[in-house]
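Here the sequence shown stands for residues 1 to 265, numbered as in UniProt numbering.
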Amino acid sequence: MTDFQRQFFARLNIKNKEIVSFKDLPNIMYAMSQSVPFENLNILENNFKEISKENLKEKILINNRGGLCYELNPTMYYFLKDSKFDVHLVSGTVYNAANSIWAVDSGHIATVLQHHNELYLIEVGFGSYLPLSPVPFSGEIVHSVTGDYRIRKETTEKGNYILEMRKSNEFLDQSPTDDWAIGYAFYLEEVNVEKANAAQKIIVEHEGSPFNKVPLIVKLTENGHASLTKDNLTIAKNGKKTKETVTEEQYKNLLHSTFGITLNF
Numbered sequence: 001m002t003d004f005q006r007q008f009f010a011r012l013n014i015k016n017k018e019i020v021s022f023k024d025l026p027n028i029m030y031a032m033s034q035s036v037p038f039e040n041l042n043i044l045e046n047n048f049k050e051i052s053k054e055n056l057k058e059k060i061l062i063n064n065r066g067g068l069c070y071e072l073n074p075t076m077y078y079f080l081k082d083s084k085f086d087v088h089l090v091s092g093t094v095y096n097a098a099n100s101i102w103a104v105d106s107g108h109i110a111t112v113l114q115h116h117n118e119l120y121l122i123e124v125g126f127g128s129y130l131p132l133s134p135v136p137f138s139g140e141i142v143h144s145v146t147g148d149y150r151i152r153k154e155t156t157e158k159g160n161y162i163l164e165m166r167k168s169n170e171f172l173d174q175s176p177t178d179d180w181a182i183g184y185a186f187y188l189e190e191v192n193v194e195k196a197n198a199a200q201k202i203i204v205e206h207e208g209s210p211f212n213k214v215p216l217i218v219k220l221t222e223n224g225h226a227s228l229t230k231d232n233l234t235i236a237k238n239g240k241k242t243k244e245t246v247t248e249e250q251y252k253n254l255l256h257s258t259f260g261i262t263l264n265f
């Protein structure tokens, strides 16, 4: 077992496993969603580092921080690679359904895994929208507490596959919908970690980036999810959503108590 695997298991509060099987992946993905928040604080502190296995280990596994897609998905990728899975990183572009436009180009990074000659998308870095298990390229629907997910082969200006999702009313206190929405488009071709660094550069610098302006911290909880900004804490629990205003002092306390993040203010 590698040091990265040991640190990964410790970060997720799960027992070390010498051999990780494909059947173990849903439990591991769920544990990651409960332990590692989706957050952009390093960008706002202007304190981000190059994306590398060593830097991700230090930030996310040792220092108990979270990150954005280009940090969370490569962290899972390195763990899966060390666990002897056939995996590669892929690049995508998120679709902004609210405005019916593509978000910043190539701003998303995910992992593709091959198992028994079948391809699966491994997604652990898409905010609250987490399948919590591998999504097969066969088009089969994956059901998660956060909604339903499937992959469709379709060539767009942003890729040759699409991750589609259908939101869950139980999870997000929204009306259930029969309509599938595009999460993001992606190319199946392998990209290296330099593409993750390019995604970071785009998200940090682009004026259209949603993550370089205000703090956002999101994490799944046992029966819903929690989302924190500088001004508000939103909790979705058993399908009921509450939103409360927070003071600066409460914000700092919540970072630690709810999301496990300690910052040097």
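Note that the Cβ used here is the ideal one computed from N, Cα and C, for glycine as well.
Taking the straight line between their C-alpha atoms, what separation do you get for Gly92 and Thr247? As a first step, residue 92 must be located in the sequence shown, where it is residue number 92. As a first step, residue 247 must be located in the sequence shown, where it is residue number 247. One C-alpha to the other measures close to 36 Å.
Pro210, DSSP secondary structure in three states: Indexing the sequence shown from 1 puts residue 210 at position 210. Pro210: coil per DSSP, three-state reduction.
Reduced DSSP secondary structure (H/G/I, E/B, other) of Tyr120: Mapped onto the sequence shown, residue 120 falls at position 120. In this structure, Tyr120 counts as strand in the three-state DSSP scheme.
Tell me the DSSP secondary structure of Val193 in three-state form. One-based indexing of the sequence shown puts residue 193 at position 193. Here Val193 sits in helix by DSSP.
Between the Cα of Ser144 and the Cα atoms of Val204, Asn223 and Phe22, which residue gives the shortest distance? Counted from its first residue, the sequence shown places residue 144 at position 144. Of Val204, Asn223 and Phe22, the residue nearest in Cα terms is Asn223.
Assigned secondary structure, Phe186 (DSSP; H/G/I helix, E/B strand, else coil): The residue given as residue 186 occupies position 186 in the sequence shown. Note: Phe186 maps to strand in three-state DSSP.
Assigned exposure category for residue 302 - 16 Cβ within 10 Å defines buried: Absent from the structure is residue 302, since the part of the chain shown begins at 1 and ends at 265.
Going by CA-CA distance only, name the one from Gly125, Lys240, Ser168 and Lys219 that's closest to Phe259. Numbered from its first residue, the sequence shown carries residue 259 at position 259. Considering only alpha carbons, the answer is Lys219.
With DSSP as the reference, identify every bridge partner of Gln114, one or two as the case may be. Here residue 114 corresponds to residue number 114 of the sequence shown, with the count starting at 1. Answer is Asp86 and Leu119, bridged to Gln114.
Contact under 8 Å by Cβ, Lys167 with Ala185: Your numbering for residue 167 matches position 167 in the sequence shown. Your numbering for residue 185 matches position 185 in the sequence shown. Going by C-beta atoms, Lys167 is not nearer than 8 Å to Ala185.
Assuming contact is defined by CB atoms lying nearer than 8 Å, are Glu50 and Asn160 in contact in what I supplied? Position 50 of the sequence shown holds residue 50. Position 160 of the sequence shown holds residue 160. No. Outside cutoff.
Tell me which residues share the same chain as His256 and place their Cβ nearer than 8 Å to its Cβ, disregarding the 5 neighbours each side in the sequence. Taking the first residue of the sequence shown as 1, we reach residue 256 at position 256. The answer, listed in chain order, is Thr262.
For Thr156, which residues in the same chain have their Cβ closer than 6 Å to its Cβ, ignoring the five residues on either side in sequence? Counted from its first residue, the sequence shown places residue 156 at position 156. Taken in chain order, the residues that qualify are Ala185.
N-terminal and C-terminal residue of the beta strand (DSSP E) that Asn63 is part of: Along the sequence shown, read from residue 1 onward, the residue named residue 63 stands at position 63. That residue, Asn63, is in no beta strand (DSSP E); it is neither H nor E in DSSP.
Identify whether Val204 lies in helix, strand or coil by the three-state DSSP scheme. Within the sequence shown, the letter at position 204 stands for residue 204. Residue state, collapsed to three classes: helix.
Return the bridge partner residues of Phe48 from the DSSP annotation. Looking up residue 48 in the sequence shown gives position 48. None; Phe48 has no bridge partner.
Candidates Phe38, Glu54, Gln114 and Asn55, of which the one nearest Ser21 by Cα: Within the sequence shown, residue 21 is the residue found at index 21, counting from 1. Out of Phe38, Glu54, Gln114 and Asn55, the CA that lies nearest to the CA of Ser21 is found in Gln114.
Applying the criterion that 16 or more other CB atoms from any shown protein chain within 10 Å of the CB defines a buried residue, is Gln34 buried or exposed? Here residue 34 corresponds to residue number 34 of the sequence shown, with the count starting at 1. By the 10 Å Cβ count, Gln34 comes out exposed.
Assuming Ser133 and Pro26 are in contact, meaning their beta carbons sit under 8 Å apart, how far apart are those beta carbons, in whole angstroms? The residue you call residue 133 lines up with position 133 of the sequence shown. The residue you call residue 26 lines up with position 26 of the sequence shown. About 4 Å; that satisfies the 8 Å criterion.
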